[in-house]
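> Encoded as structure tokens, here's the structure I'll be asking about.
Structural data, given as structure tokens:
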């Protein structure tokens, strides 16, 4: 299942997708600056239910400047803690452009995952007698 969404505010365009891949949820984000002024203090954050999912690496990214005509892409990996029924995924993007604050909240939709694990996963091996 692949969830995609696009949104733009002024000259900042944000597109994102979410997909289930090898037991993880991968969030791909692309922010492009189509204006004539650089974007400053760009901050990206993955939005998800922290009781259902855990971030494998980091769920935030920062960029000091994004020059006109350039783009920035980031991948977030989320690991399900339990079986999930309709958890909502999204991306939050904040930036400044010539002293004006820009904010985009991109909703990627909801996803369900059935986690199948091995018994005694992560524990000590069962002793043999």
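Numbering (this note's numbering), first residue to last: 573 to 701. Think of the CB as a built atom: it goes at the ideal place given N, C-alpha and C, for glycine as much as any other residue. Since we're looking at a predicted model, the values are computed, not measured.
What is the rounded straight-line gap between the Cα of residue 627 and the Cα of residue 651?
Distance between the alpha carbons of residue 627 and residue 651: 6 Å.
> When we look at the beta-carbon of residue 588 and count the other beta-carbons within 10 Å, is it buried (16 or more) or exposed?
buried
> Kindly list the residues whose CB is nearer than 6 Å to the CB of residue 691, restricted to its own chain and excluding five residues on each side of it in sequence; keep chain order.
Because residue 691 sits at a pLDDT of 49, beneath the cut-off of 50, its placement in the model cannot be relied upon, and the point is left open.
> One question on the structure: do residue 660 and residue 616 come within less than 9 Å of each other, judged by their Cβ atoms?
Judged by beta-carbon spacing, residue 616 lies beyond the 9 Å limit of residue 660, meaning their Cβ atoms are not closer than that value.
> Is residue 640 helix, strand or coil when you go by DSSP?
coil
> How would you label residue 624, buried or exposed, when you count the other beta carbons within 10 angstroms and need 16 or more for buried?
Around the beta carbon of residue 624, 16 or more other beta carbons lie within 10 angstroms, which makes this residue buried.
> Considering only the beta carbon of each residue, do residue 642 and residue 605 sit closer than 9 Å?
yes
> Is the beta carbon of residue 613 less than 9 Å from the beta carbon of residue 599?
No. Outside cutoff.
> Would you mind reading off the limits of the beta strand (DSSP E) that contains residue 590?
Where residue 590 is concerned, the enclosing beta strand (DSSP E) stretches over 584–593.
> Three-state secondary structure (DSSP) at residue 608?
Coil, per DSSP.
> Can you give the beta carbon distance from residue 674 to residue 667, rounded, assuming they're within the 8 Å contact cut?
5 Å
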